[in-house]
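Heads up, the thing below is written out as structure tokens.
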Amino acid sequence: MAVPKKRTSKSKKNLRKTVWKQKAFKQAIEAYFIANKASKKIQEVSAIVSPTLTVTKEDDSSSLNSES
């Protein structure tokens, strides 16, 4: 016949919960910093690329107007 196991104490239960929450919190912080770093890189790249794109658009439109 099956015998029920002893009940886990409150302190053990809380300890396991706390450890799990700490691990999840560390991962969340790491993910936040990685995302923040990636977004800064994207902003830097777009700042470098966007002025050149606007210049080329102006150059193309001016050359089309002068030919017509």
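Per full-length UniProt numbering, the very first residue in the sequence shown carries number 1; after that it's consecutive.
Backbone N, C-alpha and C fix where the C-beta goes; we use that ideal spot for every residue, glycine too.
DSSP state of residue i mapped onto helix, strand, coil
i	result
T56	With a pLDDT of only 49 at T56, under the threshold of 50, the placement of this residue in the model should not be trusted; the figure read from the coordinates follows. T56: helix per DSSP, three-state reduction.
R16	helix
V3	coil
S39	helix
S9	coil
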